[in-house]
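Below: one structure, written as structure tokens.
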Amino acid sequence: MFAEFLQFLLSGITIGAIYALAGLGFSIIYNSSHVINFAQGEFIMVGAMSTVALVGTGVPLPVAILIAIVATMLVGLALEKFAIEPARNADVVTLIIITIGASIFLRGVAQVLWGKDFHSLRAFTGDTPINIMGATIVPQSLWVLGVTMVVIIALGWFFSRTLAGKAMLATSYNRLAAQLCGIAVKRVLMLSFGLSAMLGAIGGIVVTPITFTSYEAGIMLGLKGFTAAVLGGLGNGAGAVVGGLIVGVAEAMGAGYISSAYKDAIAFVIILFVLFFMPSGLFGKRATDRV
Amino acid sequence: MQRNRYIGLAVLAIVIALLPLAFSNNYHYDIAILAGFNAIVCVGLNLLVGYAGQISLGHAGFFALGAYASGILTTRYGVPPLLALLSGAVFVGFLAFVLARPILRLKGHYLAMATLGIGIIISIVLNTESWITGGPDGLMTDAFSVAGVALTTEKTWYWVVGGLLLFAVWLALNIIDSPIGRALRALHGSEVGAQVVGVDTTQYKVLVFVISAVFASVVGSLFAHYVGLMTPTSAGFMKSVELVAMVVFGGMASTYGAVVGAAILTSLPQFLATLHDYEAVVLGAVLMGTMIFMPRGLLPTMVRLIRRWGQ
């Protein structure tokens, strides 16, 4: 009984960590530009698929991972430079359509380059399951959790201790004031897309040995990441991480105890309930309108 | 305004009447019919997105509910198609009414999230409850018939859909010119401002949400009868995105823009099909490019260019 519960909890936290990374990506871009980047899921896919492709050509795994992360960041930067920046003053809906157009485009490119098949990646350190109080966990899950933790700690350090990080925070609080203080707001925007792409790629790569990947894998992962970010309150980094874990665990519990067919619906049922009662998410600031 | 409206409707009617001259086979009719279906949904959705400024990423859910209501009622319970269509519309209208109040309190991206969630939940339910919906394999539906006369050929469908599109556009233009339309535009400009001058913004948002959902449901019902096979993908996130993309692509807050957007984005993939694998790449690039260089949408930008050229 307890072992079963622990099993669901562990798998929930593992996938929740990926949602958390995706949610952080949404939050970082939202903070710097007030854009919801619907291509965030495609960053996850591009990171995973390009690692798979590189390993397939015989590149050693660590090198492949590095190249894939850099490649995904370049995709993120290109997206900002060529699609978001020229449309800076467009409507929210228009920007949403632009990022959705980008996601369709990236999926299309991935399909041309790598086909429609599902791909997997060898686990980083073997497949022997580890037994924890009756529940089993694959070593790759530990990689997912460890890497996510390191990334979150590094991000915390980045935003509180480095000049670039502080510039990004300042821009998110007040764009104009930040610009007046001499912060290169455009560069902050570029940085936010690069950073989000990196987070997506890392998440996608570490989880691929467990979940497989395909050119369409980014759609659901991206939407769940968006759910995580909204659940925690858009723009709230810690909130996105908590949101991701809640979504992941609820999903695993729901699939285990209620119905696996409705696994993907659980995240959206939760978010609807939360939004009905707390229109700004769990930890979001109450917004006021200026007339 | 009044005169412009009838000129626009006349142009649309002439285009619909002359288009078949360019058709050489049923496949062309088929594309035109699908474009017409999408155009009607978009004309309704445009009231919500373009005029009231409320985004919805879940309207495919309402479309699919209408379609499945018709499919299930006619094939399993022997209900006449027209009655099934109306029942579906009433059901969807009621559902939209119940959902509208809590949802439309939300703003911007939170609203996008909530509507997206509703659409996805609907598609997952349709996918899972296969005992009544047929699940992923889909649901077969019979031809649409009223009083014993069945709509079977592409040609008859074309004229029916064309007529409905004209009616939908006329209806939308009337709504926009009525006090409701003015309230919606005030709401789009500034919600608090509209409230201060005495506009019951919640009531109007709910109203237009229900109207757009009913538009989608009615078209969904007809679509189900036309294609004869409904699958849950027609309720999916991508279908909702497609609908919003058509509205924004053609030009927000422009009823004819919604029609143009639907016509182009429905037929484009058919032409691109010759590109095989590159279809998605080109579609994504066209979508991005149009929105970057014409953020106001295709039709308003064209109209402005022509005006400037005319001067």
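Those sequence lines, one after another, are chains A and B. Heads up: the first sequence runs through residues 1368 to 1658, numbered per this note's numbering. Heads up: the second sequence runs through residues 62 to 372, numbered per this note's numbering. Backbone N, C-alpha and C fix where the C-beta goes; we use that ideal spot for every residue, glycine too. Note that the structure is a prediction, hence the values are computed from the model and not measured.
In this structure, the straight-line span from the alpha carbon of P1576/A to that of R1489/A is close to 6 Å. With its beta carbon less than 8 Å from one in chain A, A173/B belongs to the interface. Listed along chain B, no residue sits closer than 9 Å to V1517/A by beta-carbon distance, the nearest being about 29 Å off. DSSP links A1551/A through a beta bridge to no other residue. Between the alpha carbons of V288/B and I94/B lies a gap of roughly 10 Å.
With contacts defined by Cβ atoms closer than 8 Å, A1406/A and L1480/A do not form a contacting pair. With contacts defined by Cβ atoms closer than 8 Å, A1502/A and L1377/A form a contacting pair. Following the DSSP letters along the chain, one finds F228/B inside the alpha helix (DSSP H) bounded by residues E215 to D238. Distance from the CA atom of N1404/A to the CA atom of L1441/A, rounded to whole angstroms, is 16 Å.
Y287/B is outside the set of residues whose beta carbon lies under 8 Å from a beta carbon in chain A. Residue pairing by DSSP places I1499/A opposite A1502/A in a beta bridge.
In the three-state scheme derived from DSSP, where H, G and I count as helix and E and B as strand, S206/B is classed as strand. Taking all protein chains in view, the Cβ of M1535/A is crowded by 16 or more other Cβ atoms within 10 Å, so the residue is classified as buried. Comparing alpha-carbon positions, the option among A319/B, A324/B and R368/B lying closest to G111/B turns out to be A319/B. Short of 7 Å from the beta carbon of V1552/A, and not among the five residues preceding or following it, lie these beta carbons of its own chain, in chain order: T1538, R1542, A1545 and Q1546. Counting along the chain, no alpha helix (DSSP H) covers P81/B, and no H or E run does either. T1466/A carries a helical assignment under DSSP once its states are collapsed to helix, strand and coil.
Interface criterion met: the Cβ of M352/B is under 8 Å from a Cβ in chain A.
Chain order gives the chain B residues near I1471/A as A341, L344, G345 and L348, where near means a beta carbon separation below 7 Å. Annotation: Cβ neighbours of F1635/A in chain B (cutoff 7 Å, chain order): G178, I181 and I182. Taking C-beta separations shorter than 7 Å and ignoring five residues to either side along the sequence, the partners of G223/B in its chain run I77 and G97, following chain order. G1599/A sits close to A1607/A, with the two beta carbons spaced by under 8 Å. In the DSSP annotation of this structure, the continuous segment of the alpha helix (DSSP H) that includes N1398/A starts and ends at F1369 to S1400.
Under the Cβ criterion (8 Å, minimum of three pairs), the segment 1589-1605 of chain A does not count as touching the segment 1445-1454 of chain A.
Following the DSSP letters along the chain, one finds R1489/A in no alpha helix (DSSP H), marked with neither H nor E. The criterion of a C-beta distance shorter than 8 Å is satisfied by H120/B and L106/B. M201/B is bridged by DSSP to L290/B. The count of Cβ pairs closer than 8 Å, one atom from the segment 1609-1628 of chain A and one from the segment 1374-1394 of chain A, reaches three, so the stretches are in contact.
Excluding sequence positions up to five before and after S328/B, its CB lies within less than 7 Å of the CB of I92 and A96, all in the same chain and listed in chain order. Counting C-beta atoms within 10 angstroms of its own C-beta, V258/B has fewer than 16 neighbours from the protein chains shown and is therefore classed as exposed. Separation of K1533/A and A130/B (C-alpha to C-alpha, rounded to the nearest whole angstrom) is 54 Å.
F1525/A and L1566/A have their alpha carbons spaced roughly 13 Å apart. Counting along the chain, the unbroken alpha helix (DSSP H) around V1437/A starts and ends at L1428 to L1446.
No residue range can be given for D261/B, since it is assigned to no alpha helix (DSSP H) and is classified by DSSP as neither H nor E. At the C-beta level, V151/B and F276/B stay beyond 8 Å of one another.
The beta carbon of L1543/A sits no closer than 8 Å to any beta carbon of chain B.
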